[in-house]
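Using UniProt numbering, the first residue of the sequence shown is number 1, and each one after it goes up by one.
Each residue gets a CB set at the ideal place from its N, CA and C atoms; glycine is no exception.
None of these values were measured; they are calculated from a predicted model.
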Amino acid sequence: MNDWQDPNAALEAANYDNPIPSRVLILQTLANKGEVTQHELANHFDLDDVQYEALGNRLKAMVRDGQLSRDADGGNPFIYRPLSERDSVVGTVAAHAKGFGFVLLEDMPDLFLNELEMRWVFHGDTVRAIATQTDNRGRMLGRVLEVVERAQMEYIGKLAHDDEGYVVELISPNGHQPITITDDNVEAMAAQLGDPVRVAIIDYPTQHEYATGKIVERLVDDNERELIIKTTLLNYDIPYEFSPETLAQVAGFHEPDVQEMAGREDIRKLPLVTIDGEDSRDFDDAVYAEKRRGGGYRLVVAIADVSHYVTPNSALDQDAYQRGTSVYFPHFVVPMLPERLSNDLCSLNPNVDRLCMVADINLSRAGKVTGYRFYPAVMHSQARLTYNQVNAYFDQVKGKTAPNASSDVAVPDSITGNAAVKKSIDVLYDLYQVMLVKRQERHAMEFETTETYIKFDETGDISAIIPRTRGDSHRLIEEMMLLANVCAADFALSQELPVLYRNHDAPEAERAARVSDFVKLFGLSFPEENPTQADYQRIIEATRDRPDAVSIHSVLLRSMQQANYAPTNIGHFGLAYDRYSHFTSPIRRYPDLMLHRAIKAKVLGKKMPVIDYTLEEAGEQTSMTERRAEEASRFVEQWLKAHYMQAHIGEEFDGVVSAVTNFGLFVTLTALFIEGLIHISHLGADFFVYDEKSQQLLGEKSGIVFGLGDKLRIKVAGVNMDTQQIDFDLVAQLQKSEFNQRGKGKKRQKSRKNDD
């Protein structure tokens with residue numbers, strides 16, 4: 001036997017006729033050498049051919065077990081390096097229904113997890129992992145070392161049966177493995193095969209066994225819409241039940257009394273009104289305006305005083321902090337606060353006294369803020385108005401055309417029969433016109449987008465998908481809220497208050513360069529780095545009246561960074577403000593509540609609230625909960641649309657190309673506002689080349705060009721409810737967009753065959 005001074009030499013000799021260096025010796029050797037190839041290691045140990053092959057198998061096993069990494073060096077032999085806990089990273093698991101997954105990382109490429117590694121994790125779990133090797137596709141392969149935190153304790157799925165017994169198959173696009181259930185549990189719950197059930201985890205999975213759980217609720221009475229919302233809440237870890245301590249705390253609240261009103265300014269005689277949507281139930285804000293003597297305006301924005309009820313570090317506060325925001329689904333809301341507060345005591349309902357925080361703002365004739373005051377008050381809303389009602393008033397009195405005011409919407413007596421309310425709304429409208437000029441002067445961006453809302457029939461199925469139009473009343477309230485938010489940010493900065501600001505950073509250079517390349521197609525210029533709001537607004541205005549404006553503006557929108565909350569102000573790029581905060585929606589946003597507390601403490605001369613978390617932690621938490629809410633809402637809406645389209649498979653529709661990728665075209669149906677994919681393999685017998693800069697697919701043989709804004713006729717080919725993907729087949733290209741002509745785009749990207 002070769003003398004390698006192997007600490008495990010005796011064990012190796014006992015197990016193998018022709019022993020090779022042990023794992024311990026290999027690791028010791030690599031600790032000194034740093035990195036080696038298999039050939040170099042074999043030469044170092046003077047191994048024969050048989051031992052060389054055995055060494056290769058051992059090295060592969062050590063890579064598999066996370067002891068070594070293996071990287072390809074071009075066409076050269078694999079390079080092996082030692083791994084240790086110091087090389088590990090912490091990330092979040094993203095599972096795919098086919099069994100594989102990824103560890104999502106912030107500062108390095110994601111790690112690919114094969115089916116074996118995915119066996120002991122679920123989607124959303126936080127894991128410590130290590131990169132073991134690079135595969136032939138350039139992906140970093142990972143190995144899970146430990147599960148740091150489980151994402152969920154409960155799941156929703158459907159009861160099934162396999163060769164081993166009962167299992168629950170998860171209802172989720174990321175549900176890559178089932179949960180085993182005992183026969184006794186199934187019998188005790190009287191569950192039937194196919195039943196939707198909620199299951200609690202007893203034991204999490206290992207690499208050799210599925211997770212085990214127990215059914216805690218049968219959901220057979222839920223329709224599919226209710227079921228998918230419950231599933232989404234669990235999958236996205238959105239709290240939907242308030243703690244017993246919170247409910248007990250809320251049960252002790254009552255209508256505001258004289259004692260609670262003491263020390264507040266009394267503005268109950270001001271003709272404040274709320275203006276909201278038809279189906280709104282929680283009213284955060286009320287408004288009033290008057291002309292000032294000598295010129296200019298006084299604007300009063302009264303916001304629900306949630307901080308009076310939600311005190312720092314209470315059970316109610318802890319629940320609100322964990323939620324971070326209300327989550328809005330079609331016809332369903334998960335509120336940040338219990339309904340006793342959100343729809344009652346904190347809601348600025350008409351004809352009742354309510355506690356509020358006020359932004360009392362003075363403005364010049366030109367709309368410049370000349371002063372403001374914040375104070376706690378008691379108010380009495382004189383009317384609950386809807387956007388449609390106010391639009392109808394503007395249409396009737398101002399001669400305006402309000403897009404969402406229909407002929408059957410009457411102007412309510414609460415406007416026409418109340419001279420003070422009517423006068424205030426007239427002044428609000430005048431101030432709104434002034435603020436529109438200010439918006440244009442600072443080049444705040446206004447993209448052409450299409451928002452929709454879903455209508456349901458009595459059975460819970462979709463009856464229609466309707467575009468949500470914005471009239472003057474929507475924009476009026478938006479401008480008044482922006483004023484209050486800016487003044488609150490200015491006050492917080494001037495007083496150095498410990499609050500969260502609403503930040504929106506400028507676009508990154510790489511994204512700006514893409515926009516620059518794209519708009520050159522229209523003969524427009526755009527800086528490749530450091531674009532200003534004026535640069536964006538110039539492109540928006542130049543393309544606003546085009547039929548493909550929505551598609552073009554979507555490219556501009558995708559270049560934007562995501563807004564977030566942070567304790568340091570950097571301004572809001574999209575709104576073109578150098579300081580900005582969220583003050584106007586404390587019923588549904590936690591950062592607004594934090595800002596209210598700080599402002600109230602300052603104006604009353606009290607100490608700042610003591611909280612159980614740092615401002616940095618609060619910024620990360622509330623930014624995360626906002627993203628979580630948006631993703632969950634988007635998932636449910638896409639699921640509902642996919643479910644709706646199942647009944648339309650085989651039917652033809654007209655649509656517009658809304659996005660172009662290297663694997664096909666996304667088309668938004670004109671009548672339904674639903675997006676689906678025409679895969680590149682369904683575009684015809686041709687070889688298509690993707691041009692990222694021009695956002696086009698170019699047919700090499702046919703000369704056919706597909707691009708943003710093209711009008712197509714499609715046939716609904718299929719719907720995959722697991723992924724919510726809607727597939728279309730191309731029937732005909734009805735009309736090319738204005739800029740989409742052959743030769744506009746150049747071949748800049750690698751070709752993708754139509755069978756990709």
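Around the C-beta of residue i, are 16 or more other C-beta atoms found within 10 angstroms, so that it is buried, or is it exposed?
{"i": "G294", "result": "exposed"}
{"i": "V334", "result": "buried"}
{"i": "R137", "result": "exposed"}
{"i": "E541", "result": "exposed"}
{"i": "I649", "result": "exposed"}
{"i": "G460", "result": "exposed"}
{"i": "M594", "result": "buried"}
{"i": "I130", "result": "buried"}
{"i": "Y16", "result": "exposed"}
{"i": "K230", "result": "buried"}
{"i": "V437", "result": "exposed"}
{"i": "D532", "result": "In the sequence as presented, Asp is not what sits at residue 532; that position holds Thr. Under this definition T532 is an exposed residue."}
{"i": "G664", "result": "buried"}
{"i": "residue 805", "result": "Summary: the structure shown does not reach residue 805, with the chain confined to residues 1 through 756, and so no result is reported for it."}
{"i": "R634", "result": "exposed"}
{"i": "R323", "result": "buried"}
Below 6 Å CB to CB, which residues in the same chain sit around residue i once its five sequence neighbours on both sides are set aside?
{"i": "R70", "result": "V63, F78, Y80 and Q133"}
{"i": "D729", "result": "H682, K715 and A717"}
{"i": "Q249", "result": "A315 and L316"}
{"i": "D360", "result": "V300 and R373"}
{"i": "E12", "result": "P19 and S22"}
Of the choices the options, whose alpha-carbon is the least far from that of residue i?
{"i": "D548", "options": "E448, G684 and V250", "result": "E448"}
{"i": "G718", "options": "M645, S559 and K600", "result": "M645"}
{"i": "Y501", "options": "R511, K438, Q562 and A566", "result": "A566"}
{"i": "D65", "options": "E117, D49 and F45", "result": "E117"}
{"i": "L734", "options": "F706, T723 and D722", "result": "F706"}
{"i": "R198", "options": "F374, Q207, D282 and N235", "result": "N235"}
{"i": "G213", "options": "E265, M153, D279 and L270", "result": "M153"}
{"i": "C356", "options": "V519, S585, Y240 and E115", "result": "S585"}
According to DSSP, what are the bridge partners of residue i?
{"i": "K291", "result": "Y297"}
{"i": "Y590", "result": "Partner(s): none; Y590 has no beta bridge."}
{"i": "S69", "result": "R81"}
{"i": "L159", "result": "V168"}
{"i": "R198", "result": "I156 and E217"}
{"i": "H504", "result": "H572"}
{"i": "N564", "result": "N503"}
{"i": "F522", "result": "According to DSSP, F522 bridges with nothing at all."}
{"i": "F332", "result": "F329"}
How big is the Cα-Cα spacing for residue i and residue j?
{"i": "G684", "j": "Q725", "result": "21 Å"}
{"i": "S463", "j": "A61", "result": "57 Å"}
{"i": "E290", "j": "D408", "result": "30 Å"}
{"i": "V168", "j": "L219", "result": "13 Å"}
{"i": "S326", "j": "L672", "result": "27 Å"}
{"i": "I552", "j": "I539", "result": "10 Å"}
{"i": "A489", "j": "M108", "result": "35 Å"}
{"i": "P403", "j": "V390", "result": "Note that P403 has pLDDT 48, beneath the 50 cutoff, so the model's placement of it is unreliable and the number below is only indicative. Taking the straight line from one Cα to the other gives about 12 Å."}
{"i": "residue 841", "j": "Y690", "result": "The structure shown does not extend to residue 841, since the chain is modelled only from 1 to 756, so the question has no answer here."}
{"i": "R268", "j": "V378", "result": "6 Å"}
{"i": "T386", "j": "I238", "result": "30 Å"}
{"i": "K641", "j": "K736", "result": "27 Å"}
{"i": "Q638", "j": "D727", "result": "13 Å"}
{"i": "L41", "j": "A31", "result": "13 Å"}
{"i": "Y372", "j": "A286", "result": "17 Å"}
{"i": "K606", "j": "H582", "result": "22 Å"}
{"i": "D612", "j": "V310", "result": "14 Å"}
{"i": "A420", "j": "M560", "result": "43 Å"}
{"i": "D305", "j": "R384", "result": "18 Å"}
{"i": "S342", "j": "N349", "result": "11 Å"}
Grab me the residues of residue i's own chain with a C-beta within less than 8 Å of its C-beta, minus the 5 sequence neighbours each way, in chain order.
{"i": "G571", "result": "N503, H504, Y577, D578, R579 and Y580"}
{"i": "A732", "result": "L712 and R713"}
{"i": "V24", "result": "D6, P7 and N8"}
For residue i, which residues in the same chain have their Cβ closer than 7 Å to its Cβ, ignoring the five residues on either side in sequence?
{"i": "K753", "result": "For K753, the pLDDT reaches just 36, beneath the cut-off of 50, and the residue's location in the model is therefore unreliable, leaving the point undetermined."}
{"i": "L524", "result": "I539 and A542"}
{"i": "Q51", "result": "N18 and I20"}
{"i": "R468", "result": "E451, T452 and Y453"}
From the beta carbon of residue i, is the nearest beta carbon of chain D less than 7 Å away?
{"i": "Q646", "result": "No chain D appears in this structure, which consists of one protein chain only."}
Check whether the Cβ of residue i lies closer than 6 Å to any heavy atom of the ligand FMN, and answer yes or no.
{"i": "D257", "result": "No copy of the ligand FMN occurs in the structure displayed, which carries no ligand at all."}
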